[in-house]
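Residue numbers (full-length UniProt numbering): 1 to 263.
We put the beta carbon where it would ideally sit given N, CA and C, even for glycine.
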Amino acid sequence: MPEAVTRSVLRRGVNCDLGESYGRLRVGFDDEVMPFLSTANIACGYHGGDPSTMRRAAESAVEHGVLCGAHPSLPDLQGFGRRRMDVSPTELTDMVIYQIGALQAILGAVGTSLSHVKAHGVLYSMTWEPDLAHAFADAIEAIDPGLPWIAMTDTPTFAIAQERGLNPVPEFTADRDYSSDGRLIITRSPGPVDVEQMSRRVRDVVSTGSTLASDGVTRLSFQTDVVCMHSDGPNAPEVAARLWSILTHDGHQPWASPVGFNS
């Protein structure tokens, strides 16, 4: 990493995937969850998020003091970025640069700047493969080597980001289950989140650094600076409000202070 790079700082708290509507198709509860967020991952057009949706999401984030990150994916509108595609590392690098660049332009137009990046859908898990992790890293390095990259610890993605001197930020996803091998369980049509069960998991992770996998037996360790959720769940507003309450009012004081992104 060039010596001139200054690392950005990402604010601890609730992080949410949003801005995923497209044309007349409304996806998610962006307006309802925004007041509870610290950071937002805005779709960049490949799995959702037409230009007007991206701008509206950015404007709302600015209004609520929420930091804006890019949420690049594979070009899969019909499958919402959840279907694997056979892409070369070079193609992946170019796709990520293209999407981040589009959001950067919109953010500049509304008077803010890019705070971080996080891969969406199947691209998130594809970056566990070293060659694709390096491809994603190449895109970040080309844009801003200090840009926070939200990822899961104990994965090749996180390790490669560290090895290359980039700025990985550890996350825990609150509104999805994890399998016993530590992978997120992704479904095409997720149902309502059991908010009480989710709350127990989040409190576990924040207080002990671990929680149970979906099998109810395997204990998974998590280092986390941000707690992620999705705006497209049927009860996303309830999820956002509960997470905000846990992270700001449950005695977890470190979560009330900045840790990471440029504010």
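Check each candidate in E171, P145, I143 and name the one with the smallest Cα separation from V202. E171
Taking the alpha helix (DSSP H) that P148 belongs to, which residues open and close that run? Not the alpha helix (DSSP H): P148 falls in the beta strand (DSSP E), residues 148-151.
Does at least one heavy atom of the ligand NAP sit under 7 Å from the Cβ of S199? Here there are no bound small molecules, and the ligand NAP is not part of this structure.
Measure the Cβ-Cβ separation of A43 and G49 and say whether it is below 8 Å. yes
Helix, strand or coil for E20? Go by DSSP, reduced to three states. coil
Does the pairing of the stretch 150-168 with the stretch 81-96 give three or more beta-carbon distances under 8 Å? no
Which of helix, strand or coil does DSSP assign to T53? helix
On the three-state DSSP scale, how would you describe T93? helix
From A236 to P190, what does the alpha carbon distance come to, in whole angstroms? 11 Å
Are L67 and T39 touching if we call contact CB-CB under 8 Å? yes
Return the first residue and the last residue of the beta strand (DSSP E) that R219 is part of. 219-221
Could you pull the DSSP bridge partners for G111 from this structure? None, per the DSSP bridge assignment.
Looking only at its own chain, which residues have a Cβ that is under 6 Å from the Cβ of H249, when we skip the five neighbours before and after it? none
Give the C-beta separation of A119 and P72 to the nearest angstrom, bearing in mind that I take them to be a contact with Cβ-Cβ under 8 Å. 6 Å
Measure the Cβ-Cβ separation of T93 and A151 and say whether it is below 8 Å. no
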